[in-house]
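For reference, the structure discussed in these notes is given below.
Residue numbers (the numbering used here): 3 to 177.
Written out as C-alpha cells, the structure reads:
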C-alpha cells in the first residue's frame, strides 16, 4: 500500500514539474493538466486512506510549486477525491466500469471544485482570484482541456477494457 502511494505521488510530482516548468516553453499558456490526470488516476487505483493522503499531499505540493488562489489545492483535490469515492461506493459495478466511472467523476468534479472554491472565496472572504466563473468552463482554453481529457479518458478506458479481455482470456484458458 505504501509503495503504491509513493509511486503515484512521485508520478504526480514529476508530472507537475513537467507541467509547470517544461511544457509552457513549448505550448505557451495552453498547457494541458497532465498532473491532474495523473492524480485522478492515482486516486482511482488507491484504497480509501492512501487515496485520501495522495489527494492531500498532492494538493500541498501543488500549492508549494504554484500557490493557490483562495482555497488551497489540497481542499479542491479532497473534494475530487470524495466525488470519486462516492461514485465508486454508489454501485457494485464490475471492475473496469467502476474505475472508469470514478475517473469520469474526477474529471467532471475538478473544474466544478475549482469554480466552487473561487465562489466560496468571493462569498466568505471577499477574495476573487482571476474572476473564475461558469463562463470560463466554455472558453477556448477549457475546450482544449476538454479535448485533452476526452482523449486521455478514451485511452484509459480502452486500456482497461483490453486488460479485462486479457484477464478473461486467461481465466478461460485455466478452465
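Just so you know, even glycine gets a beta-carbon here, dropped at the ideal spot from N, CA and C.
Under the three-state reduction of DSSP output, residue 33 falls in the coil class, being neither helix nor strand. Within a 10 Å sphere around the beta-carbon of residue 52 sit 16 or more other beta-carbons, which makes this residue buried. Taking the Cα positions, residue 151 is about 20 Å away from residue 80. In this structure, residue 98 sits near residue 166, with a CB-CB distance shorter than 8 Å.
The segment 69 to 125 is shown to contain whole alpha helix (DSSP H) runs of 4 or more residues at 75 to 92, in chain order. By the criterion of a C-beta distance shorter than 6 Å, residue 76 is surrounded in its chain by 58, 61, 62, once the five residues flanking it on both sides are discounted.
In the DSSP assignment, residue 50 falls within the unbroken alpha helix (DSSP H) covering 50 to 67. Counted as a single uninterrupted DSSP element, the alpha helix (DSSP H) harbouring residue 7 occupies residues 4 to 19.
Residue nearest to residue 68 within the set 18, 13, 109, 158 is 18 (criterion: CA-CA distance). Rounded to the nearest angstrom, the gap between the Cα atoms of residue 96 and residue 163 is 11 Å. Its chain contains 85, 86, 89 as the residues whose beta carbon lies nearer than 7 Å to that of residue 107, once the 5 sequence neighbours on both sides are disregarded; these appear in chain order. Rounded to whole angstroms, the separation of the alpha carbons of residue 33 and residue 26 is 6 Å.
By the Cβ neighbour-count rule, residue 42 is buried, with 16 or more other Cβ atoms within 10 Å of its own. For the set 50, 5, 36, 113, the Cα lying nearest the Cα of residue 15 is the one of 36.
In this model, residue 83 and residue 113 are separated by some 13 Å (Cα to Cα).
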